[in-house]
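Data block below; observations after.
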Amino acid sequence: MTTPRRLSASILGLALLAHAGTAYASGYALREQSAIGQGSSFAGVTARGDDPSMLFFNPASMAWLPGYQATIVGSLVMPRAEIDSGSARRATALGGSTITGSLSGDAASDALVPAFYTTIALGTDWHLGLAVTTPFGLVTKYDSDFIGRYHGLTSELRTINVTPSIAWRPFETLSIGAGLQIQHADARISNAVDFGAILAGRGARVAPGSLDGRSTLSGDDLAFGWQVGAQWRPAPGTALGFAFRSAIHHELEGDVRFEGVPAPLATTFRDGGGRVKLTTPESASLGLTQAIAPGLTLLATAEWTNWSRFRTLVATFDTGLPPNVTEERWRDTVFLAVGGEYRVSESVTLRTGVAWDQSPIRTENRTPRIPDSNRYWLSAGLTWEVMPNVAFSAGYTHIFGNTADLALTSGGPTSNNFLRGDLTARYSASVDIVTAQLRIGF
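Numbering (mature numbering (1 follows the signal peptide of the UniProt record, and there is no 0)), first residue to last: -25 to -1, 1 to 417.
Following this line, the structure appears as structure tokens:
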């Protein structure tokens, strides 16, 4: 019988972990790690060397910082993802009935994204740094009567990176750096289970949709990666930067739990252990800062992310359910940003920027767990040097998301979506981000 295999695909496919919410950058990445970068839509960050928060983007950046520096950052991210229209139906083999319920309103959740950085100069050539950041994650939640509840209800992914780094400045105009990424990932995912449809498929006189239950999978893991970078200042007023961040391979282990399981299915769908492999993608970034007039600097960034490594996702279970393979077929993405900053006075700098953020998800692969689409950024910010070695920075971004169409089909009895049903929806989305940071130097 293939029902257990189809159900494991339906409820535990862990498009789960990777589909961890309405993303603030493409996929499930979090770019919000610096108020200085936020104010310019992160244009030029790979080439900057004027603040410890640039460690997130390029470990070579700290080679230009004197003495001891520390920066604390907080970003309030306020996303919106609402379904403007949608409908859902069960598979034809299950009667093709309408899946009733609500569109559930705003699925995205506000979040506070913190970060901390510190650097120390060991003479003029060597520097050490430490960054504590949250580079991936998010949360989405739908009401229990959501029409797409069999595809997803709650999705949570949280990561914490601790990254010790070192930078070397062999020449006056060149720095190189490297860092070790120590990443902890924690996830919890739930969705509804149509036990009525399963029993009906076994010949019981039960209507699909009449016995909904819920499954919840949670797990965590600690894994390691690395990053490297370089900065070159070929002429006064010009800086170029390159950085590469490695993939990190997780195998999250935890528990799967079921609620509302009818007695005839209690042996098959029981609580137990589960695990899934999740890989955060590698990325490469180029940055430029170019002085074009007294006090005025042009900023630019181009970044590539290897989301196409996310082709399939395999979950295995200790409860007797067979392994589940979910097709994802994401694509590589590009992030492009341009901006500028103007030093108004010795103590105040203003900045602004725009960006295009490509989504890795095509319409045929989009799910309600992450209704991601291409985005456009518009940002503004400032830095105020309150006193020598003390600076406050703030940045604001509004992200305009393209309309995101979702068109999932249930397919036949061997399809992963057979018990989830057909789901069509049109999302509208936007994000507002406010970031503040304080830097202290000694």
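C-beta atoms are modelled at their ideal positions from N, C-alpha and C, and glycine is treated no differently.
Following the continuous alpha helix (DSSP H) through residue 427, name the residue where it begins and the one where it ends.
Not covered by the structure: residue 427. The range shown for the chain is -25 to 417.
Beta-bridge pairing of E131 - partner residues as DSSP gives them:
Looking at the DSSP output, E131 sits in a beta bridge with V114, R163.
Measure the C-alpha to C-alpha separation of T109 and F31 and round it to an integer number of angstroms.
Between T109 and F31, the C-alpha separation is close to 10 Å.
Please report how far the alpha carbon of L(-14) lies from the alpha carbon of V409, in whole angstroms.
In this prediction, L(-14) scores a pLDDT of 35, lower than 50, which makes its location untrustworthy; the coordinate-derived value is nonetheless stated afterwards. The straight-line gap from Cα to Cα measures roughly 35 Å.
Give the secondary structure of Q13 by DSSP, where H, G and I count as helix, E and B as strand, and everything else as coil.
Reduced to three states, the DSSP call for Q13 is helix.
Closest residue to A198 among A241, T272, T254 (Cα-Cα distance):
Closest option to A198, Cα to Cα, is T254.
Sequence-distant residues of its chain with Cβ nearer than 6 Å to Y117 (five each side left out):
S79, A82, L128
Just to check my reading of the structure: W352 and T372 have Cβ atoms closer than 8 Å, yes? What is that Cβ distance to the nearest angstrom?
6 Å
The beta strand (DSSP E) that contains L413, what's its start and end?
Judged by DSSP secondary structure, L413 falls within the beta strand (DSSP E) whose first and last residues are 397 to 416.
Please report the straight-line C-alpha distance between L186 and L240, rounded to a whole angstrom.
12 Å
For L307, which residues from the same chain have a beta carbon less than 8 Å from its beta carbon, with the 5 sequence-adjacent residues on both sides left out?
Here the sequence assigns Asp to residue 307, which means Leu is not the residue at that position. Once the five neighbours on either side are set aside, the close Cβ partners of D307 are W279, T280, N281, W282, S283, P335.
Which two residues bound the contiguous beta strand (DSSP E) that contains T254?
Counting along the chain, the beta strand (DSSP E) containing T254 begins and ends at 247 to 255.
Inter-stretch contact at 8 Å, needing at least 3 Cβ pairs: the region 44 to 63 / the region 84 to 97:
yes
For D293 and G247, believed in contact at Cβ under 8 Å, the rounded distance:
5 Å
Helix, strand or coil for L274 per DSSP?
The answer is strand: DSSP assigns L274 an E or B state.
Residue range of the unbroken beta strand (DSSP E) whose run includes A379:
379 to 383
Closer than 8 Å is the cut-off here; do at least three beta carbon pairs connect the region 91 to 99 with the region 326 to 343?
These segments do not touch.
Using the Cβ count rule (16 or more neighbours within 10 Å means buried), how would you classify G387?
exposed
Taking residue 439 as the reference, give the member of A268, D380, R414 with the closest Cα.
No answer is possible for residue 439: the residues shown for the chain start at -25 and end at 417.
Member of L296, N340, T73, S165 whose CA lies at the smallest distance from the CA of T242:
L296
From Y125, N391, T264, pick the residue whose C-alpha is nearest to that of A167; which is it?
Y125
From the DSSP output, in three-state form, read off W305 for me.
coil
Report yes if the C-beta distance between D397 and L383 is below 8 Å; otherwise report no.
yes
Mind checking which residues open and close the beta strand (DSSP E) that includes T94?
Per DSSP, the continuous beta strand (DSSP E) segment holding T94 begins and ends at 86 to 97.
Based on DSSP bridge pairs, tell me the residues matched to L197.
H159
Exposed or buried, which one is A210 when buried takes at least 16 other CB atoms within 10 Å?
exposed
Whole angstroms are fine: how far does the CA of G184 sit from the CA of G152?
57 Å
Is it buried or exposed for L271, if we count other Cβ within 10 angstroms and need 16 for buried?
exposed
Does the beta carbon of S1 come closer than 8 Å to any beta carbon on chain D?
Judged by its chain identifiers, the structure shown contains no chain D, having just a single protein chain.
What is the DSSP secondary structure of E321, reduced to helix, strand or coil?
coil
To which residues of the same chain is G76 closer than 6 Å at the C-beta, ignoring the five residues directly before and after it?
D120, F121, I122
For the 8 Å Cβ check, are there 3 or more pairs between the region 209 to 225 and the region 18 to 38?
The region 209 to 225 vs the region 18 to 38: in contact.
How many angstroms separate the CA atom of residue 418 from the CA atom of Y3?
Past the boundaries of the shown model lies residue 418; the chain is included only from -25 to 417, so the question cannot be answered.
Contact between the region 216 to 231 and the region 248 to 268 is defined here as three or more beta-carbon pairs at a separation below 8 Å; is this criterion met?
yes
I need the DSSP call for G(-5), collapsed to helix, strand or coil.
Because G(-5) carries a pLDDT of 36, less than 50, the predicted location of this residue cannot be relied on, and the following value inherits that uncertainty. Correct three-state label for G(-5): coil.
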